[in-house]
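Please read the structure below before turning to the comments.
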Amino acid sequence: MPTRGRRGATLPMPTADADAATRYDVAVIGAGILGLATARELARRGERRILVIDKERTQATHQTGHNSGVIHSGLYYTPGSAKARLCVAGRHLLLEFCNEQDIAHDICGKLIVAVEESELAELQTLYERGIANGLRGLRLVDAQEIREIEPAVRGLRAIWVPEAGIVNYRDVALAIARDTPGVTFGLGARVIGLRVTSSEVEIQTTGGTARAENVIACAGLHSDRIARMTGAAPEPRIIPFRGDYWVLRPERRGLIRGLVYPVPDSRFPFLGIHFTRRIEGPVWCGPNAVLAFAREGYRRRDVDLGDLAEAVGYGGFRALAAKYWRTGLAELARDLSKR
Numbered sequence: 025m026p027t028r029g030r031r032g033a034t035l036p037m038p039t040a041d042a043d044a045a046t047r048y049d050v051a052v053i054g055a056g057i058l059g060l061a062t063a064r065e066l067a068r069r070g071e072r073r074i075l076v077i078d079k080e081r082t083q084a085t086h087q088t089g090h091n092s093g094v095i096h097s098g099l100y101y102t103p104g105s106a107k108a109r110l111c112v113a114g115r116h117l118l119l120e121f122c123n124e125q126d127i128a129h130d131i132c133g134k135l136i137v138a139v140e141e142s143e144l145a146e147l148q149t150l151y152e153r154g155i156a157n158g159l160r161g162l163r164l165v166d167a168q169e170i171r172e173i174e175p176a177v178r179g180l181r182a183i184w185v186p187e188a189g190i191v192n193y194r195d196v197a198l199a200i201a202r203d204t205p206g207v208t209f210g211l212g213a214r215v216i217g218l219r220v221t222s223s224e225v226e227i228q229t230t231g232g233t234a235r236a237e238n239v240i241a242c243a244g245l246h247s248d249r250i251a252r253m254t255g256a257a258p259e260p261r262i263i264p265f266r267g268d269y270w271v272l273r274p275e276r277r278g279l280i281r282g283l284v285y286p287v288p289d290s291r292f293p294f295l296g297i298h299f300t301r302r303i304e305g306p307v308w309c310g311p312n313a314v315l316a317f318a319r320e321g322y323r324r325r326d327v328d329l330g331d332l333a334e335a336v337g338y339g340g341f342r343a344l345a346a347k348y349w350r351t352g353l354a355e356l357a358r359d360l361s362k363r
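Count along the sequence shown starting at 1, add 24, and that's the number in the numbering used here.
In structure tokens:
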């Protein structure tokens, strides 16, 4: 059942015969960090009747709570692109919000390390991107300075990114929710259909039917399915990949001071195996990237036959698997062994 703002008072989901005053200006599908931030910004801009719907009974359950917690600086993105501009601007807004809300975070910096001669050209490209994107304090460092920054790390050359840091994004998301009074939360209500009319959108959920003038989908791994409910094209389609991390033993945490990344392989949308110090203290090593057998399959044993059939039946996935099957096997081996 929906709950409003900080008090958690239960409210009825608007139904077909509900008074117009109980209908919503905007409905946001998804109560992760994007959905919550969207609702907060709408409220700040004067929207009064906002509904946030999520199939889970708690906020920030999935991608928001399943990541390494890195505050990225905008180094990797093409200069002038929306990703580059929004990452740089978003970092500043995030730090401002963390300071306002007293959320623990640490701008510990990041090393991107080249360990082979063949990686130096890509390292230089990354450095030039970072400069073009306006990163401050960015510099190339040699093998000696690598050891000064991270004594346990060895490499030929590296980029030092002093603006990178760490935070717990679930903490951020829950603080956003607390900072958005007056928003109605329809938690535990899975969207099963959308019907668009000339004046509103009817949102059919397992908890009832809601109506809103506008709907914004921030549905994470189900965004493609929500889009198809409106009659959108069947592509692009989401194929879930799972990334697993190893955790350094407590007595070995001191080996890593901040964040240590490799030079990424530009053929893939992954940043490679890296060391990440968590804001809570542990140090993670990973991730790999293997096909998940469920959209929200965080463990090897998590299987959803419908999700798996949809992924395997998609021609785009089969083409990817055929082209990079050796890489896929290597990632699977990393999933099963530390070596």
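The C-beta atom is built at its ideal place from N, Cα and C for all residues, glycine as well.
Can you look up D166 in the DSSP assignment and give me helix, strand or coil? Here DSSP, grouped into helix, strand and coil, assigns D166 to strand.
Starting from N123, trace the alpha helix (DSSP H) both ways and give me its first and last residue. Where N123 is concerned, the enclosing alpha helix (DSSP H) starts and stops at 106-125.
Exercise. For D130, write down the residues that DSSP places opposite it in a beta bridge.
Key: DSSP, once it has assigned bridges, lists I190 as partnering D130.
*Anyone know if the C-beta pair for L75 and T221 falls short of 9 Å?*
Cβ atoms of L75 and T221: not closer than 9 Å.
Three CB pairs or more closer than 8 Å across the region 81-90 and the region 183-203: Judged by Cβ distances under 8 Å, the region 81-90 makes contact with the region 183-203, as three or more pairs qualify.
**Message:** Starting from F341, trace the alpha helix (DSSP H) in both directions and tell me its first and last residue.
**Reply:** Counting along the chain, the unbroken alpha helix (DSSP H) around F341 starts and ends at 339-347.
Apply the 10 Å Cβ neighbour rule to W184 and answer buried if 16 or more other Cβ atoms are within range, or exposed otherwise.
It counts as buried.
Quiz item: In the DSSP assignment, what residue or residues form a beta bridge with R235?
Solution: Beta-bridge annotation (DSSP): R235 is paired with E226.
query = Considering only the beta carbon of each residue, do I53 and I250 sit closer than 9 Å?
reply = Between I53 and I250, the gap from beta carbon to beta carbon is short of 9 Å.
State the CB to CB distance for the pair V50 and E71, rounded to an integer number of angstroms; the pair is presumed to be in contact (CB under 8 Å). With 8 Å as the limit, V50 and E71 qualify as a contact, their Cβ atoms being about 5 Å apart.
Do L99 and L144 come within 9 Å of each other at the CB atom, strictly closer than that value? Taking 9 Å as the Cβ cut-off, L144 and L99 do not qualify as a contacting pair.
- Query: Since A241 and S247 are thought to touch, with beta carbons under 8 Å apart, how far apart are those beta carbons, to the nearest angstrom?
  - Reply: Sure, about 6 Å apart at Cβ, within 8 Å.
**Item:** Three-state class that DSSP yields for G217 in the structure shown
**Value:** DSSP, reduced to helix, strand and coil, places G217 within a strand of the structure shown.
query = So what does V50 bridge to, in DSSP terms?
reply = Beta-bridge pairing links V50 to I74, N238.
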